[in-house]
Amino acid sequence: MYVCNCNGIRERQVRAAIEAGAARPADVFRAHGCKVQCARCVCEMREMIDQSREALRFAAE
Ligand code: FES
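In the working numbering, the protein residues as written are 9 to 69.
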């Protein structure tokens, strides 16, 4: 499933960027060599980043 239709970034690619250290949507775009265009995907990327942080916090407890 695509998260970013403008740049053709799939969900698994966003997750890979987050696992590699992306802390903001801009980092996800940078990891894939592109830039934000319409920004419709930014909220979903932020949610994925937040969910990843929560999962890490939960795992650390
Ligand atoms: S859907 Fe990602 S920049 Fe447009």
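Yeah, the Cβ is synthetic: ideal placement off N, Cα and C, and Gly gets one too.
If you're wondering where the values come from, they're calculated on a predicted model, not measured in any experiment.
Where does residue i sit, in a helix, a strand or coil, going by DSSP?
| i | result |
| --- | --- |
| Arg65 | helix |
| Arg32 | coil |
| Val22 | helix |
| Val44 | coil |
| Cys49 | coil |
Should residue i be listed as close to ligand 1, given that the test is whether its C-beta is under 7 Å from any heavy atom?
| i | result |
| --- | --- |
| Arg49 | Looking at the sequence shown, residue 49 is not Arg but Cys. Because some heavy atom of ligand 1 lies under 7 Å away, the Cβ of Cys49 counts as near it: yes. |
| Gln21 | no |
| Val36 | no |
Just mark residue i as buried or exposed, buried being the case when its beta carbon has 16 or more other beta carbons within 10 Å.
| i | result |
| --- | --- |
| Met56 | buried |
| Met9 | exposed |
| Ala25 | buried |
With the cut-off set at 8 Å, would you say residue i and residue j are in Cβ contact?
| i | j | result |
| --- | --- | --- |
| Glu62 | Val11 | no |
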